[in-house]
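According to the numbering used here, the sequence shown is numbered sequentially starting from 457. Just so you know, even glycine gets a beta-carbon here, dropped at the ideal spot from N, CA and C.
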Amino acid sequence: DYKRTAFTEADLRCSNTIQMMDKKLRESCHVPNAKLKHVLE
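As structure tokens, then:
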């Protein structure tokens, strides 16, 4: 039961992190004069 709870919590944290990274990347790409160099920084 502990392993399942720990796995579920880790999976949720990873999913949230990926969603936040996706959101930030999309926002960075829609800035006027966006350049790949600045998006990747």
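Assign valine 487 to one of three DSSP states: helix, strand, or coil.
Correct three-state label for valine 487: coil.
Using the three-state DSSP reduction, which class does glutamate 497 fall into: helix, strand or coil?
Secondary structure at glutamate 497: coil, using DSSP grouped into helix, strand and coil.
Return helix, strand or coil for aspartate 478, following the three-state DSSP convention.
It is helical.
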